[in-house]
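These notes are about the structure you will find just below.
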Amino acid sequence: MWFRRDLRLADNPALASAVAAAGADQGVVPLFVLDPALSTPAGVPRRAYLAASLRDLGAAVGGLQLRRGDPAQEVVAVARAASATSVHIAADFGPRGRVRDRQVESALAAHGIELVRAGSPYAVPPGRVASKTGDPYQVFTPYSRAWRDHGWPPPMIAPRGVRWTRPLASHPLDPEPVPGGLRLPAAGERAAHRRWHAFLDRGLDRYAATRDRADLDSTSRMSVHLKWGEIHPRTMLAELARRRGAGAARYQTELAWREFYADVLWARPESAREYLRGEFASMEYDQPGPALTAWCDGLTGYPIVDAGMRQLRAEGWMHNRIRMVVASFLVKDLHVDWRHGARHFMRWLVDADLASNQHGWQWTAGCGTDAAPYFRIFNPTLQGKRFDPHGDYVRRYVPHLAQVDEKWIHQPWTLPGGPPPGYPAPIVDHDHERRESLRRVERLRGRSTVESQ
DNA sequence: TTTTGAGTTGTTCGA
DNA sequence: GTCGAACAACTCAAA
């Protein structure tokens, strides 16, 4: 059993497949390969979280077979040492994972070992739902209807009495140095289930009404557990189906978004790096410079933006609504290409999922699937007042504003005497940059019209 | 085959 | 202060 993004024992079809193949007489090797090639895009917070999750999984199986190196070599080495006839995985639909799995598959085949794909990180695997013309959906709502109609199998329980074996020496799981002050959530399958049930009990009923409020702890915070497969969405959907109300319906829709973006990325793997809507190739963006640095450091002078960017560095996580606000600010107010922001998010988010991250950014930038209308530009002051009405979220992450009254908290430059010492004045004027953004889209449209004639 | 209506997340402007 | 219109273009599905 080669674990990758499915660090759990319950509701794990690949594990069930491995256990069935082993039968009564043979053991199952719980393998995880630390791939040095993947440590570049994954930032320190994500690797630290992974290490904690692997420790938890290791405890559940009496020790993981941990290897470090090229998966094509390591998986073959372990499989041969175990005299295995098959290696079992959950299918990976990401651009890199697909290539890697094909390489491992042929490396195994050279030794007569089969790579068996069973299950995926999704309730409905990418490619399974298509529009009437057979093409992948490009609009969320029709996709989500088809996704719901498609349905999914019920969850599977964890196999019992598995004889875990480790034919080779394990690579030590070095503790990742966690940057000072970084607060990571509890990792592992049990932590994921605890969090999920706490949310079902205390958060679901008010979820639809309060999920956008940054100052309240009103979201499920399940993204990191889903990212590492510590719980399967199918398990969550089964419990949601037993509940009534707007919260359950809304949460199901949010899970559908995750699957929609995985489907889009599977259909268009290049969209991890390139504009989904090709005409944006001629969109004018500014070279990233001090403005990008100020955004990353939470020093833009717009409190809701700065609070979000500082939450990201403090916790490896950011509230969903605030992700949209800071993304809109980078693209529409600072005129920086979405890919710079997406890269920063990938580096810092513990829940960083390539499909959701890149396509969330493309949506904000207006170049993605079902993209935001070009005129939908977030006003950081209004968004702050609406989704952090008393300023508690801002005060939590921006100490220099801790004493500011809610009347001025989202526009401290209007304070009598200006912003408090240590907090910057706005680096740009939102109203001015909003109009500049609209002008650039106008020019983009003008150009693409000319080109198409 | 053609037409029509709807489509995550907003803001500004003018009546 | 409130409220509706306007701000594109395109995809999808139903009529």
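Those letters in the first sequence? Residues 15 to 467, by our numbering. No residue lacks a Cβ here, since even glycine has one placed at the ideal position from N, Cα and C. Quantities reported herein were computed from a predicted structural model and do not represent experimental measurements.
Original post:
Around the C-beta of residue 372, are 16 or more other C-beta atoms found within 10 angstroms, so that it is buried, or is it exposed?
Top reply: Within the first sequence, the letter at position 358 stands for residue 372. Classification of residue 372: buried, given that the 10 Å Cβ count is 16 or more.
Original post:
Going along the chain, which unbroken runs of the beta strand (DSSP E) with 3 or more residues stay wholly within the stretch 72-100?
Top reply: 79-82
**OP:** Determine the DSSP secondary structure at residue 128, reduced to helix, strand or coil.
**Re:** Taking the first sequence and counting its residues from 1, one reaches residue 128 at position 114. Note: residue 128 maps to strand in three-state DSSP.
Subject >> Element boundaries [beta strand (DSSP E), containing residue 46] >> reply: Taking the first sequence and counting its residues from 1, the one referred to as residue 46 is at position 32. Where residue 46 is concerned, the enclosing beta strand (DSSP E) stretches over 45-48.
Original post:
Beta-carbon separation of residue 321 and residue 314 under 7 Å?
Top reply: Here residue 321 corresponds to residue number 307 of the first sequence, with the count starting at 1. Here residue 314 corresponds to residue number 300 of the first sequence, with the count starting at 1. Cβ distance not < 7 Å, so residue 321 and residue 314 don't count as in contact.
**OP:** Return the residue from the list 455, 98, 63, 136 that minimises the CA-CA distance to residue 41.
**Re:** On the first sequence, position 27 is the one that residue 41 refers to. Closest by alpha carbon: 98.
Original post:
Apart from the five residues just before and just after residue 193, which ones in its own chain have a Cβ nearer than 7 Å to its Cβ?
Top reply: Residue mapping note: residue 193 aligns to position 179 of the first sequence, counting from 1. Closer than 7 Å at Cβ, skipping near neighbours: 58.
Subject >> Cβ neighbours of residue 112 in the same chain (closer than 8 Å, five flanking residues each side left out) >> reply: For the purposes of this step, residue 112 is taken as the residue at position 98 of the first sequence. Excluding residues within five positions, the ones whose Cβ falls inside 8 Å are 106, 283.
**OP:** Report the residue from 36, 280, 401 whose alpha carbon sits nearest the alpha carbon of residue 175.
**Re:** For the purposes of this step, residue 175 is identified with residue 161 of the first sequence, where counting begins at 1. Cα-wise, what sits closest to residue 175 is 36.
Subject >> residue 234: first and last residue of the uninterrupted alpha helix (DSSP H) it sits in >> reply: Counting from one through the first sequence, the residue named residue 234 turns up at place 220. Careful: residue 234 lies outside any alpha helix (DSSP H) and carries neither H nor E.
Original post:
With burial defined as no fewer than 16 other Cβ atoms inside 10 Å of the residue's Cβ, what is the status of residue 285: buried or exposed?
Top reply: By 1-based counting over the first sequence, the position of residue 285 is 271. Classification of residue 285: buried, given that the 10 Å Cβ count is 16 or more.
Subject >> Endpoints, alpha helix (DSSP H) assigned at residue 320 >> reply: Translated into the one-based positions of the first sequence, residue 320 becomes position 306. Looking at the DSSP string, the run of the alpha helix (DSSP H) that includes residue 320 is 317-329.
Original post:
Starting from residue 334 and walking both ways along the alpha helix (DSSP H), at which residues does that stretch end?
Top reply: On the first sequence, residue 334 is found 320 positions in, with the first residue counted as 1. Where residue 334 is concerned, the enclosing alpha helix (DSSP H) stretches over 334-342.
**OP:** Determine the contact status of residue 45 and residue 87, defining contact as a CB-CB distance below 7 Å.
**Re:** Indexing the first sequence from 1 puts residue 45 at position 31. Indexing the first sequence from 1 puts residue 87 at position 73. Contact: no.
Original post:
Does DSSP put residue 178 in a helix, in a strand, or in coil?
Top reply: One-based indexing of the first sequence puts residue 178 at position 164. The answer is strand: DSSP assigns residue 178 an E or B state.
Original post:
With respect to the alpha helix (DSSP H) encompassing residue 310, which residues constitute its N-terminal and C-terminal limits?
Top reply: In the first sequence, residue 310 corresponds to position 296, counting from 1. Start and end: 304-311.
Original post:
Are at least three pairs of beta-carbons, each pair with one atom in the stretch 393-411 and one in the stretch 298-308, less than 8 Å apart?
Top reply: no
Subject >> 7 Å Cβ cutoff met for residue 243 and residue 19 >> reply: Against the first sequence, residue 243 aligns to sequence position 229. Against the first sequence, residue 19 aligns to sequence position 5. Yes, the pair counts as a contact, with Cβ atoms nearer than the cut-off.
Original post:
In the DSSP assignment, what are the bridge partners of residue 102?
Top reply: One-based indexing of the first sequence puts residue 102 at position 88. 130, per the DSSP bridge assignment.
Subject >> Within the stretch 333-411, ranges of the alpha helix (DSSP H) (whole runs, at least 4 residues) >> reply: 334-342, 352-362, 368-379, 394-401, 406-411
Subject >> Rounded separation between residue 256 and residue 374 - CA only >> reply: If you number the first sequence from 1, residue 256 lands on position 242. If you number the first sequence from 1, residue 374 lands on position 360. Going from the Cα of residue 256 to the Cα of residue 374 covers about 29 Å.
**OP:** Name the one or two DSSP bridge partners that residue 17 has.
**Re:** Residue 17 sits at position 3 when you count from the first residue of the first sequence. The partner list for residue 17 (beta bridge, DSSP) reads 46.
Original post:
If you scan the stretch 244-302 from start to end, which runs of the alpha helix (DSSP H) of 4 or more residues do you find wholly inside it?
Top reply: 247-255, 260-281
**OP:** Grab the span of the alpha helix (DSSP H) containing residue 420 for me, first residue to last.
**Re:** Here residue 420 corresponds to residue number 406 of the first sequence, with the count starting at 1. Note, residue 420: premise wrong, no alpha helix (DSSP H); not H, not E.
**OP:** Whole angstroms is fine: what's the gap from residue 289's alpha carbon to residue 85's?
**Re:** Counting from 1 along the first sequence, the entry for residue 289 is found at position 275. Counting from 1 along the first sequence, the entry for residue 85 is found at position 71. Each residue's Cα considered, the two are about 30 Å apart.
Original post:
Below 7 Å between beta carbons: does that hold for residue 93 and residue 101?
Top reply: Position 79 of the first sequence, counting from 1, holds the residue named residue 93. Position 87 of the first sequence, counting from 1, holds the residue named residue 101. Cβ atoms of residue 93 and residue 101: closer than 7 Å.
Original post:
Is it the case that the Cβ atoms of residue 132 and residue 31 are separated by a distance below 7 Å?
Top reply: Mapped onto the first sequence, residue 132 falls at position 118. Mapped onto the first sequence, residue 31 falls at position 17. In this structure, residue 31 lies closer than 7 Å to residue 132 by Cβ.
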